[in-house]
Amino acid sequence: MFPYTDDACMTLSVARSLVEKKKITPTDLAKRFVDEYYIKPERGYGMNVIKVFSALKETNFQDVFLPAKMAFAGAGSFGNGAAMRIAPIALFDHNKTDEFLQCLNPFVRSIYFAISIGGDTDTIAAITGSIAGAYYGIDAIPTELQERCEFKDGIDNLAHKLYDVSQKVAS
C-alpha cells in the first residue's frame with residue numbers, strides 16, 4: 015500500500031469540509047488542515063506550512079489568513095499549494111459555470127495584470143483602468159473598489175459631464 019502525502023491529506027480535508035459545511039468555510043478548512051497535520055506530521059509537509067499550522071493553533075484560529083501572510087513577508091504564498099487541493103472544489107461546483115464566469119471580473123483582472131507587469135505600475139494601472147472602465151462600464155468596477163477610491167464622487171460627476179458634452183458635440 016502506498017501512503018498518501020500532505021497533498022492528498024489536504025485534498026481530503028477540503029472534500030470533507032465541503033461535505034459537512036456545503037460551502038467553502040476558511041476556518042473549518044484551516045482547522046481540518048491543522049488537525050490532519052498533528053495526526054500524522056510525517057506526510058511530507060513543508061517547513062513553511064508547519065509554521066503556519068503552528069501559528070494557527072497558537073492563535074486559536076482567530077485570523078486564518080494572517081499566519082500564511084506573515085510567513086511570506088505579509089503577502090501570502092504565491093506557490094501552487096491551492097492547485098493540489100482543487101479537485102474537490104471542481105467536483106462540488108461542476109455545474110456552476112455561470113457563477114464561475116461571474117466571478118471572473120474583467121475590469122479587476124485587467125488592473126491586476128497591469129500591476130503585475132511591473133515598472134511604472136501606477137501609470138500603467140491608471141491607463142489600463144481608464145480603458146477598461148470605458149470599455150466595460152461602471153457596473154464592472156466592484157462597489158467595494160469604487161468606495162475606496164479618493165474623490166470617487168467628483169470623478170463620477172465629471173465623467174457624466176464629459177459624456178453629456180460629448181453627446182452634444184457629436185450631434
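If you count the sequence shown from 1, you need to add 14 to reach my numbering. Cβ coordinates follow ideal geometry from the N, Cα and C atoms, glycine included. Just so it is clear, the structure is predicted and the values come from calculations on it, not from any experiment.
Between Thr-19 and Gly-60, the C-beta gap is not smaller than 8 angstroms, which leaves the two residues out of contact.
CA-CA distance, Ser-130 to Met-15, rounds to 44 angstroms. Inside the segment 67-91, DSSP marks whole alpha helix (DSSP H) runs of 4 or more residues at positions 80-85, from first to last along the chain.
Per DSSP, reduced to three states, the secondary structure at Cys-163 is coil, with no helix or strand assignment.
In the pairwise beta carbon analysis, the segment 153-167 is classified as touching the segment 119-130: at least three pairs are separated by under 8 angstroms.
Taking a C-beta distance under 8 angstroms as the contact criterion, Ile-138 and Ala-128 qualify as a contact pair. By the Cβ neighbour-count rule, Arg-162 is exposed, with fewer than 16 other Cβ atoms within 10 Å of its own. Excluding its 5 nearest sequence neighbours in each direction, Phe-47 has C-beta neighbours in its own chain below 7 angstroms: Met-24, Ser-27 and Phe-67, listed in chain order. In this structure, Phe-75 lies near Lys-45, with their beta-carbon atoms less than 8 angstroms apart.
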